[in-house]
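>
There are 2 protein chains.
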Amino acid sequence: MHGYDKHAFEPFAVTVDLAVLTLRADALHVLLVARGQEPYAGRWALPGGFLLPDESAETAARRELAEETGLADVTGLHLEQLRTYSEPGRDPRMRVVSVAFAALLPDPPEPHGGGDAAEARWVPYDEARGLAFDHDRILADARDRVGAKLEYTCLATAFCPAEFTLGELQRVYETVWGTALDRPNFRRKVLATPGFVEPVPGAARLTGGRGKPAALYRAGPATALHPPLLRTPREGRPA
Amino acid sequence: MHGYDKHAFEPFAVTVDLAVLTLRADALHVLLVARGQEPYAGRWALPGGFLLPDESAETAARRELAEETGLADVTGLHLEQLRTYSEPGRDPRMRVVSVAFAALLPDPPEPHGGGDAAEARWVPYDEARGLAFDHDRILADARDRVGAKLEYTCLATAFCPAEFTLGELQRVYETVWGTALDRPNFRRKVLATPGFVEPVPGAARLTGGRGKPAALYRAGPATALHPPLLRTPREGRPA
DNA sequence: CCCCTTAATAGTCACTGCGACTATAAAAGG
DNA sequence: CCTTTTATAGTCGCAGTGACTATTAAGGGG
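From first to last, the protein sequence lines stand for chains A and B.
Taken in order, the first sequence gives residues 1 to 239; the numbers are from the UniProt record's numbering.
Taken in order, the second sequence gives residues 1 to 239; the numbers are from the UniProt record's numbering.
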């Protein structure tokens, strides 16, 4: 009850764990670091670390994100608090309470070795199993949360660069959800939602693609989708 | 990271804070306790307390819920982890990291004095302002989360007793959302969602109400609402 | 240079879900 | 017997959307 002299309390170690997600080659990838020491030495784990004395969990998460990705500016990146994992046995050494975050990156930096991690790699989501601690669960929760928020928020643009085509935006949905979407219907829906995307004044993408050049869009001011873009899959996976 | 010998770490106090919500007289109420000591002595606060050494946050939250409500069995009650509040200045005495939960009660127990709280009261949500610490924000977050989850989950039944009428279920939505809903449309929507509610074999509520006796329903096995029950208000508040 | 492929964009059609509304049924109270 | 209250049944029309076809504009290969 908030009365420190009425109840003894145990000190806990508090960490943040980050599920850093991005899209590489039309597949959802997650940033993993190799553990160099026990426990779980040699296993892959989510990046993370301890809270410093004057940090909030959000501040610590953004600091870790900058360290691990090597990116100079992480201020614009979407950071989402998932939940806190506090089961007594989740770290075999001591009580560690961990606040988990999901981070969404538009352009993944190269397979780097930033921060103090021995090794860091982008791993396809489907191959990221057998992680250290309870990180399998944290990663699954991150994907669930992001997938759900795609339905009723404008979160998808967080996976896209500043200017993007509707095809790229659609591929975000298809990749995270693992379903194929009808292109004209997706287009109609996105453009009918005010503030979701806005066209870049006078531009079209030309020599890059194979087909007809697509118009470029920017993320709009809207944050919620009304009505939502519901997950109703067709049969196949995206080509 | 996660290498304890590479980085020093600060020990933190970890608490849980509970936004215990219920419906009394067609108004959303929250359980508050009066603080007896500094800081915020005399102010109202959300119930909560420290994690014990062998407890997860969920376990501690359920223990606190039982202590504060005085209920013998809290196993069936819905407990929802909101998020973790960890800003450095949120407790003036020391670093306290708090995992916040929302708890939903069907039948509120009488204005009790359970647990070790000096005084505990049910307070209408609209009058619960000026709480201690950052509890105003936690409470607002709780209401937002519950309101949002009513849209796309079957959470509303957590506010109802084991057997309830569709009118009671509708009043949950109207009270939490603060909007009036069309009764025939609500009924059609709920009954069209498989697994949301199921009729009690042979029962109807008789002498209690004023009008035609309503059929009784139980919560069904479904957990998600597809498609969702979107918040589209009419003009007035419920009578 | 023509044609095939690829991808973006435009448009159609029908069905579903839902908001708005009206009508009927079954109780209590005066 | 009437009014009031609440539950239940049903109707109508529109918006959103799934499924589908057509057209446009690029690149690549013969």
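Yeah, the Cβ is synthetic: ideal placement off N, Cα and C, and Gly gets one too.
Since the structure is predicted, the reported quantities are computational estimates derived from the model, not experimental observations.
Three or more C-beta pairs under 8 Å: does that hold for the segment 39 to 47 of chain B against the segment 152 to 164 of chain B?
With a cut-off of 8 Å, the segment 152 to 164 of chain B and the segment 39 to 47 of chain B do not count as touching, because too few Cβ pairs lie within range.
> With DSSP collapsed to three states, give me the class of V97/A.
V97/A: strand per DSSP, three-state reduction.
> Within 10 Å of its beta-carbon, does A120/B have 16 or more other beta-carbons around it, so buried, or fewer, so exposed?
That one is buried.
> With a 10 Å radius around its C-beta and 16 neighbouring C-beta atoms as the bar for buried, classify A72/B as buried or exposed.
Classification for A72/B: exposed.
> Taking the Cβ atom as the reference point for each residue, do H135/A and L104/A lie within a distance shorter than 9 Å?
Taking 9 Å as the Cβ cut-off, H135/A and L104/A do not qualify as a contacting pair.
> What three-state label does DSSP hand E198/A in the structure shown?
Correct three-state label for E198/A: strand.
> Below 8 Å on the Cβ atoms is my guess for I138/A versus L82/A; work out the distance and round it to an integer in Å.
Confirmed, about 7 Å.
> In chain A, which residues lie with their C-beta within 7 Å of the C-beta of A57/B?
Those are T84 and S86, listed as they occur along chain A.
> Confirm, please, whether the CB-CB distance from A128/B to L23/B is below 9 Å.
No; because the gap between Cβ atoms is not below 9 Å, this pair is not in contact.
> What are the uninterrupted segments assigned as beta strand (DSSP E) that are 3 or more residues long and contained completely in the segment 33 to 82 of chain B, given in chain order?
Taking only runs of at least 3 residues, the beta strand (DSSP E) segments lying wholly in the segment 33 to 82 of chain B are 48 to 50.
> Compare the C-beta of V99/B against all C-beta atoms of chain A and say whether one is closer than 9 Å.
Interface residue, yes.
> If we count the other Cβ atoms within 10 Å of its Cβ and call it buried at 16 or more, is E168/B buried or exposed?
Under this definition E168/B is a buried residue.
> Who are the Cβ neighbours of Y173/B in its own chain at under 7 Å, not counting the five residues just before and after it?
Around Y173/B: L150, A156 and L181.
> Taking the alpha-carbon of P108/B as reference, which of A192/B, D141/B and A66/B has the nearest alpha-carbon?
Closest option to P108/B, Cα to Cα, is A66/B.
> Report all residues from its chain with a CB closer than 8 Å to the CB of P11/B; omit the five preceding and five following residues, and keep chain order.
Closer than 8 Å at the Cβ level, and outside the excluded window around P11/B, lies no residue.
> Compute the beta-carbon to beta-carbon distance between S56/B and S98/A, rounded to the nearest angstrom, for a pair I have assumed lies under 8 Å.
Not confirmed; about 12 Å, so no contact.
> Note down the Cα distance separating A34/B from A132/B, rounded to an integer number of angstroms.
Near 9 Å, if we compare the C-alpha coordinates of A132/B and A34/B.
> I'd like to know whether the C-beta atoms of W177/A and V30/A end up nearer to each other than 9 Å.
No; because the gap between Cβ atoms is not below 9 Å, this pair is not in contact.
> For Y40/B, collect the residues of the same chain with a Cβ closer than 6 Å to its Cβ; drop the 5 residues on either side in sequence, then sort them by chain order.
Correct list, in chain order: A132.
> Taking only beta-carbon positions, decide if F186/B is within less than 9 Å of chain A.
Answer no: the Cβ-Cβ gap between F186/B and chain A never drops below 9 Å.
> Determine, using beta carbons only, whether F196/A comes closer than 9 Å to chain B.
Closer than 9 Å: no.
> Measuring only the C-alpha atoms, how far is G49/B from A61/A?
In a straight line, the C-alpha of G49/B is about 25 Å away from that of A61/A.
> Can you grab the Cα-Cα spacing for the pair A102/A / P161/B, in whole Å?
So the two alpha carbons sit approximately 36 Å from each other.
> L51/B touches chain A at which residues, Cβ-Cβ below 9 Å?
Within 9 Å Cβ-Cβ: F9, E10, F12, S86, R95 and V97.
> What residue from R145/A, F196/A and P213/A has the CA that sits closest to A222/A's CA?
Selected option, being the one with the closest Cα: F196/A.
> I want to check one thing, is the minimum distance from the CB of W122/A to the heavy atoms of the ligand COA below 8 Å?
Absent from the structure shown: the ligand COA. Ligands present: none.
> Residues in the same chain with beta-carbon distance under 8 Å from R234/A, minus the five sequence neighbours each way, listed in chain order, please.
Residue placement at R234/A cannot be trusted, given a pLDDT of 49 that sits under 50; what the coordinates show is reported in the next sentence. Excluding residues within five positions, the ones whose Cβ falls inside 8 Å are T179, A180, L181 and D182.
> Would you mind reading off the limits of the beta strand (DSSP E) that contains Y217/A?
Y217/A -> beta strand (DSSP E) spans A215 to A219.
> Start and end of the beta strand (DSSP E) containing D17/B?
Counting along the chain, the beta strand (DSSP E) containing D17/B begins and ends at P11 to R24.
> Tell me whether Q37/B is buried or exposed, calling it buried when 16 or more other Cβ atoms sit within 10 Å of its Cβ.
With fewer than 16 Cβ atoms within 10 Å of its Cβ, Q37/B is classed as exposed.
> Quick check: residue 240/B and R171/B, are their CB atoms within less than 9 Å of each other?
The displayed coordinates of chain B run from 1 to 239. Any statement about residue 240/B would go beyond what the structure contains.
> Under a Cβ-count criterion, where at least 16 other Cβ atoms within 10 Å of its own Cβ denotes burial, should R93/B be classed as buried or exposed?
By the 10 Å Cβ count, R93/B comes out exposed.
> What does L230/B reach in chain A if we use C-beta pairs closer than 7 Å?
Those within 7 Å of L230/B in chain A are P227.
> Chain B beta carbons: is any one of them nearer than 9 Å to that of T223/A?
Not an interface residue.
> What is the residue span of the alpha helix (DSSP H) that A120/A lies within?
Unbroken run through A120/A is the beta strand (DSSP E), E119 to P124; no alpha helix (DSSP H).
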